[in-house]
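Remarks on the structure that follows.
Residue numbers (this note's numbering): 163 to 335.
Here you go:
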């Protein structure tokens, strides 16, 4: 794989793609959408053995997929290292197969890398951030194997719920 190939991820020469599992995908997506230099996000599934899995299938834990957020960013405005720093800050990377009340391997902490440069940066970042935790970091670093987009109702889920709640308030419902 060359530095510009992204394992099927969108690549236009202007942006780069990063893919992370940090528990339930709703919170990481919402967090990344606030970051200057992030141009798009999508939630989905990666790292499993079932093609085109559904949310219901992934939730059983039988497909091997992690819930992930795919982050498309402008490297002229934010570096991959900065994207990684946000990843470490938004979840507890010492938890094995869980984040908060969510338990199962679909909630594992994982960085899926799209290039050898991303793999090297992720390894270095994990080593650097280990000093921030008293427990060992459980985050795995794996080559991207194929991203499956989650169902539409999962995309920007927290924003949809917040705006829907605001709309209901505005309409007096």
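Glycine included, C-beta positions come from ideal geometry on N, C-alpha and C. What you are looking at is a predicted structure, and each value in this text was computed from that prediction instead of being measured.
Item	Value
Buried or exposed (CB count within 10 angstroms, at least 16 for buried), residue 175	exposed
Per DSSP, the bridge partner or partners of residue 234	179, 202
Check whether residue 206 and residue 309 have beta carbons under 8 Å apart	yes
Own chain, CB closer than 8 Å to residue 295, minus 5 neighbours either side, in chain order	255, 256
Outcome for residue 227 when other beta-carbon atoms lying within 10 angstroms are tallied against a minimum of 16	buried
Spatial neighbours of residue 182 in its chain, beta-carbon cut-off 8 Å, leaving aside the 5 residues before and after	190, 230, 231, 233, 249, 272, 273, 274
Presumed contact (8 Å Cβ cut-off) between residue 350 and residue 240, rounded CB distance	Residue 350 lies beyond the residue range present for the chain, which begins at 163 and ends at 335; the question has no answer from this structure.
Cβ-Cβ distance between residue 210 and residue 304 below 8 Å	no
Residues bridged to residue 272 [DSSP beta-bridge criterion]	183, 302
Residue of 311, 307, 258 minimising C-alpha distance to residue 277	307
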